[in-house]
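What follows is a single structure, written as structure tokens, with notes after it.
In UniProt numbering, the protein residues as written are 1 to 304.
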């Protein structure tokens, strides 16, 4: 017969809940405002109280054991009970930390504005957006949600497609005046490309994007799409850039649009435990709504 949870261990249950959602003690410590050793002590105390291991280490970070899942049910019930305490106005409020990893263009032009609107409605919500372009890895931990390019292959996580997007070639009028306008794909071999750093690129879909192009020397390569725009807008070469941004900037001249485009998708990935969190659920809803409505934030001038 399982031991009963001692509800004096409320802080330990919240620590377990947070580690289960984020997969890392350090990430849980950051969210809860304590240090790593405090999280460890609280989990150890809870394991002693329940008479067994609650977490096990895996390639995905820390995951719940069967006993841990039973404790998680109690932790979620406590979280919901605490959230239900307060005025009628408080009942509709959300609070807590939500951590999101996403490519920088998505972060700046869709995620940040969408989550800013959500945060205005729920001032107690805190968002952390980690801007990076990488695949959904089995070792990904420390995030509630992750936005990736291309359909992910993950386990013990849910994924859904947010939207399609397209990459095309662009240059400036100054660049094509100085170097000529390529009339066919083969002529691109005489031009420089601004794109991701080959050796730093871990996303298969972005790697595939250049496979239909002839070999091109690199002008300025970067892991940041903002840097790629800055290089292209300053006439360093031809950029392979997202249409949803480039079409709004008058100084972006289309190059070979009748002959080349590359299509991909943004996908949303979340750990199963994290997706049971109401704040995370509302974050997913806000991102889905923004994607469905095409709510891209386009500054009236180029930020690059």
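By construction, the Cβ of each residue, glycine as well, lies at the ideal position given by its N, Cα and C atoms.
Computed from a predicted model, the values in this text were never measured in an experiment.
Distance from the CA atom of residue 251 to the CA atom of residue 233, rounded to whole angstroms, is 7 Å. Beta-bridge partners assigned by DSSP to residue 98: 127. DSSP assignment within the segment 221–283 yields the following whole beta strand (DSSP E) runs of 3 residues or more, N-terminal first: 238–242, 253–255 and 262–271. Counting the other Cβ atoms within 10 Å of the Cβ of residue 194 gives 16 or more, which makes it buried. The C-alpha of residue 166 lies about 11 Å from the C-alpha of residue 206. Separation of the CB atoms of residue 52 and residue 144 is rounded to 27 Å, and the pair is thereby denied contact status at 8 Å. As a beta-bridge residue in DSSP terms, residue 147 pairs with 268. Inter-residue distance for residue 290 and residue 246 is about 19 Å (C-alpha atoms, whole angstroms). Only exposed fits residue 190, as fewer than 16 other CB atoms lie within 10 angstroms of its CB.
In this structure, the beta-carbon distance from residue 175 to residue 235 falls below 8 Å. In the three-state reduction of the DSSP assignment, residue 190 falls in the helix class. Short of 7 Å from the beta carbon of residue 47, and not among the five residues preceding or following it, lie these beta carbons of its own chain, in chain order: 53 and 54. The beta carbons of residue 22 and residue 286 sit about 20 Å from each other, so the pair does not count as a contact at 8 Å. Using a 10 angstroms sphere on the CB of residue 237, the tally of other CB atoms reaches 16 or more, which defines it as buried. Distance from residue 266 to residue 163 at the Cβ level is roughly 6 Å; contact confirmed, criterion being Cβ atoms closer than 8 Å. For residue 264, the CB contacts under 8 Å within the same chain, skipping 5 residues up- and downstream, are 149, 150, 164, 165, 166, 167, 205, 206 and 209 in chain order. Around the C-beta of residue 292, fewer than 16 other C-beta atoms lie within 10 Å, and the residue is accordingly described as exposed.
Residue pairing by DSSP leaves residue 294 without any beta bridge partner.
Pairing residue 101 with residue 146 gives a Cβ-Cβ distance under 8 Å. Residue 249 is positioned such that its CB atom lies no closer than 8 Å to that of residue 223. Assignment of alpha helix (DSSP H) within the segment 3–42, counting only whole runs of 4 or more residues, yields 10–22 and 25–32 in chain order. Cβ neighbours of residue 134 within its own chain (closer than 7 Å, five residues either side excluded): 202 and 203.
One Cα belongs to residue 183, the other to residue 255, and the distance between them is close to 9 Å.
A check of alpha carbon separations from residue 57 across 25, 29, 71 and 132 identifies 25 as the nearest.
Put simply, of 253, 278 and 213 the residue whose alpha carbon is nearest the alpha carbon of residue 259 is 213.
If you look at residue 157, you'll find it in the beta strand (DSSP E) that goes 157–171. Annotated as distal: residue 63 and residue 17, with beta-carbon spacing of 8 Å or more.
Contact annotation: residue 278 and residue 94 have beta-carbon atoms nearer than 8 Å.
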